[in-house]
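*Asks:*
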Amino acid sequence: MKRLPAILAFLFMASGLPAQEVDPLLDRLKTRLDSVERFEARVRMEVDVSFVNMPVKYADIRYERGKPLTIASEDFTMIPKRGLDFTLGELYEYPFMTLSLGRVMLEGKACELIKVIPTTDQSDYSIATLWLDPLGLQLLKSEIHTRKNGVYDITYTYGAAGDVLPRQIRVGFEVSGIRIPLRFLGKDTQVDREKLKAEPEQKGAIYLQFDQWKITRK
Amino acid sequence: MMQLVLMELFKISRQRQTYYAVGAVLVLEGFILMSAFYQGREILEVLLENLRESFEFQGDLMNGNLVIYLVLNSFWFHMPLILMIVVSGFLTVEYKDRTVEATLLQPVSRGGLIVSKYLAALVFTGAILVLLAGSTFGVSYAFFGRGDLVVFLDGLSFFEHPEAIRRLLYAFITGSNTMMFYAVTSLTLAVIFKEATVTWIVAAIFLIINTLLLRLDMDSVFYDYFFLPKLTDSWQYLFYSEIPWGVILKKNLVLWGYTLGTAALGAMIFVKRDVK
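Those sequence lines, one after another, are chains L and Z. Heads up: the first sequence is residues 0 to 217, going by numbering that gives the first Met the number 0. Heads up: the second sequence is residues 0 to 275, going by numbering that gives the first Met the number 0.
#1: When the Cα atoms are used, what is the spatial distance from L27/Z to L87/L?
#2: State yes or no: is the C-beta of F123/Z within less than 8 Å of the C-beta of V92/Z?
#3: Three-state secondary structure (DSSP) at G137/Z?
#4: Whose C-beta lies closer than 7 Å to the C-beta of F142/Z among residues of the same chain, with five residues either side of it excluded?
#5: According to DSSP, is V92/Z part of a helix, a strand, or is it coil?
#6: Is the Cβ of K202/L closer than 8 Å to any Cβ of chain Z?
#7: Excluding the five sequence neighbours on either side, which residues of its own chain have a C-beta within less than 7 Å of the C-beta of A58/L, listed in chain order?
#8: Report the start-end ranges of each beta strand (DSSP E) in the region 39-112 of chain Z that is 3 residues or longer and not cut off at the edges.
#9: Across the region 212-230 of chain Z and the region 150-167 of chain Z, are there enough close Cβ pairs to call them in contact, namely three or more that are closer than 8 Å?
#10: Given this structure, state the Cα-to-Cα distance separating Q38/Z from L32/Z, to the nearest angstrom.
#11: Would you kindly work out how many angstroms separate the C-alpha atoms of L215/Z and T258/Z, rounded to a whole number?
#12: Just confirm the distance between the C-beta atoms of V190/Z and F89/Z, as a whole number of angstroms; I'd bet it's less than 8 Å.
#13: With a threshold of 8 Å, are at least 3 pairs of Cβ atoms found where one atom belongs to the region 110-121 of chain Z and the other to the region 206-215 of chain Z?
#14: Measuring CB to CB, does A195/Z end up less than 8 Å from L82/Z?
#15: Given L167/Z, which residues of its chain have a CB within under 6 Å of its CB, disregarding the five upstream and five downstream residues?
#16: Given a limit of 8 Å on CB to CB distance, which residues of the region 42-62 of chain Z reach chain L?
#17: Determine, using beta carbons only, whether F157/Z comes closer than 8 Å to chain L.
#18: With a threshold of 8 Å between beta carbons, is S240/Z in contact with chain L?
#19: Express the C-alpha separation of A159/L and L25/L in angstroms, rounding to a whole number.
#20: For chain Z, is any of its Cβ atoms less than 8 Å away from the one on K66/L?
#21: Between the Cα of M267/Z and those of A163/Z, L3/Z and L186/Z, spot the shortest distance and give me the residue it belongs to.
#22: What's the C-alpha gap between W255/Z and E142/L?
#23: Can you give me the start and stop residues for the alpha helix (DSSP H) that W212/L sits inside?
#24: Mind pulling the chain L residues with CB within less than 7 Å of D147/Z?
#25: Round the Cβ separation of N64/Z and A163/Z to the nearest angstrom and send it over; I've been treating them as touching at under 8 Å.
#26: Mind reading off the beta-carbon distance from F172/L to Y151/L? Whole number of angstroms is fine, and I expect it under 8 Å.
#27: Grouping DSSP H, G and I as helix and E and B as strand, with all else coil, what is S122/L?
#28: Where K193/Z and N62/Z are concerned, what is the direct C-alpha to C-alpha distance, given to the nearest angstrom?
#29: Along the chain, where does the alpha helix (DSSP H) containing I207/Z start, and where does it finish?
#30: Between which two residues does the alpha helix (DSSP H) harbouring E162/Z extend?
#31: Using 8 Å as the Cβ pair cut-off and three pairs as the minimum, do the region 9-26 of chain Z and the region 30-40 of chain L touch?
#32: From which residue to which residue does the alpha helix (DSSP H) around T145/L run?
#33: Taking DSSP as the reference, what is the three-state secondary structure of G117/L?
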């Protein structure tokens with residue numbers, strides 16, 4: 000498993016596809032995102048998981064370059080572990096190589112499809128696929144295979160073609176059912192252990208909608 | 000009738016066992032609160048274990064609302080037990096002391112006397128529930144703070160603080176119907192058995208069987224809406240994301256039917272039977 004990135008890289012190279020250190024388009028996008036010094040916004044969060052009933056939550060997010068993103072809310076909120084990396088900082092944290100798979104259509108828009116393969120085991124994802132809009136220089140979609148937390152499928156929707164940050168993000172993820180101890184009292188709280196074992200991972204999503212963007216750029 | 004009820008309440012207020020009961024209820028509540036707090040963290044860990052892989056959580060779900068919910072889960076077995084012991088004593092003590100005979104030497108009808116005892120038992124139960132609800136809410140919010148309530152019923156349901164308070168209050172009110180039923184039943188058992196220890200044992204067995212049968216599920220509407228044990232948990236329905244008010248109303252109406260029927264049976268036996 001640890002050798003997976005190297006094997007994948009070898010296979011891609013052997014297949015004649017252009018593997019490169021870092022795709023120039025991705026680098027251009029990163030440079031553009033790095034021009035954001037700070038931003039803040041109001042975010043509306045809606046969880047869509049079959050076994051979770053949660054009211055829509057609101058929070059304030061704030062980012063300042065060099066500092067971690069902060070999310071503040073008076074309520075209990077569930078923040079997705081992926082999807083809020085607005086500056087691709089997590090992707091660029093450890094060395095990687097990219098593989099351009101050429102042009103594909105995504106919802107009627109021509110995109111560049113790029114595979115990102117970490118070249119070190121330190122990275123917490125094993126491979127990522129990015130759909131980049133080369134004209135608007137925007138990230139439209141990403142699919143991240145993490146080493147521990149399954150696959151994240153993230154789509155970004157922008158208010159306008161030139162926007163640097165998205166208006167909406169949908170973070171799709173895999174989640175397994177809940178294991179409840181028998182002594183936890185609740186009506187009809189029963190555990191079918193065999194069913195739980197057999198139950199496949201479920202798909203869930205969280206929808207993030209941003210308002211009142213205040214962005215400061217270089 | 001009002002005079003008789005007031006007289007019964009006065010007698011209750013003068014009995015030492017009433018204060019033992021109040022003390023026991025409060026001590027039990029304290030233990031349940033503490034255990035709810037310690038149990039709560041563990042429950043949250045389990046409930047949120049899988050979501051933790053995809054999410055980071057902000058805010059503390061281990062708050063007063065969760066403690067009240069866990070306390071509610073424990074209340075409906077322990078509190079009826081204490082109530083049944085105390086309420087049955089309203090009559091068994093009088094049988095033992097022969098004050099029933101003395102009372103009936105006065106211009107008081109047998110029917111009037113037993114009905115006043117049932118009404119006094121309901122007032123006493125109501126007062127205990129108000130005390131319990133007040134102290135549980137007060138202590139929980141004072142020590143554990145406010146926040147969202149998470150409940151596992153047909154999935155994980157999260158309720159924001161104002162909604163959580165509303166549902167917990169309704170749960171107390173709905174659950175009180177069950178308490179009223181057990182109080183009335185214990186008085187009827189006292190009418191039947193007269194002797195305190197026998198009444199307590201039968202009341203405890205009745206409660207235990209009801210609690211066990213509550214967990215037994217059958218795919219039958221009749222069973223769900225008319226089988227007594229299945230009527231005692233309607234407070235839990237208040238924690239579904241969409242509250243099934245119709246189900247709660249039907250179950251409580253049938254439960255009150257049982258309550259009135261049990262009281263009528265007790266009154267009938269009391270009126271027809273020789274006091275000795």
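All residues carry an ideal CB built from backbone N, CA and C; glycine is no exception. For clarity, every value in this text was computed on a predicted model and none was experimentally measured.
*Replies:* Let's see:
#1: 55 Å
#2: no
#3: Secondary structure of G137/Z (DSSP, three-state): helix.
#4: Within the same chain, F142/Z has no close Cβ partners at all.
#5: helix
#6: K202/L does not count as touching chain Z.
#7: V42, M44, I70, A71, S72 and T76
#8: 54-57
#9: no
#10: 10 Å
#11: 22 Å
#12: 11 Å between Cβ atoms; not a contact.
#13: no
#14: no
#15: Excluding positions up to five away in sequence, the list reads I67.
#16: I42, V45, L46, E48, N49, L50, E52, S53, F54, E55, F56, Q57, G58, D59 and L60
#17: For F157/Z, the nearest beta carbon of chain L is closer than 8 Å to its own beta carbon.
#18: By this cut-off, S240/Z is an interface position.
#19: 20 Å
#20: no
#21: L186/Z
#22: 57 Å
#23: For W212/L, there is no enclosing alpha helix (DSSP H); the residue is part of the beta strand (DSSP E) that begins and ends at Q201 to R216.
#24: D74 and F75
#25: 4 Å
#26: 5 Å
#27: coil
#28: Just so you know, the alpha carbons of K193/Z and N62/Z end up roughly 45 Å apart.
#29: A195 to L213
#30: H160 to F192
#31: no
#32: It is not in any alpha helix (DSSP H) - T145/L instead sits in the beta strand (DSSP E) that spans Q137 to T145.
#33: The sequence given here places Pro at residue 117/L; Gly does not occur at that position. Assigned with DSSP and collapsed to three states, P117/L falls in strand.
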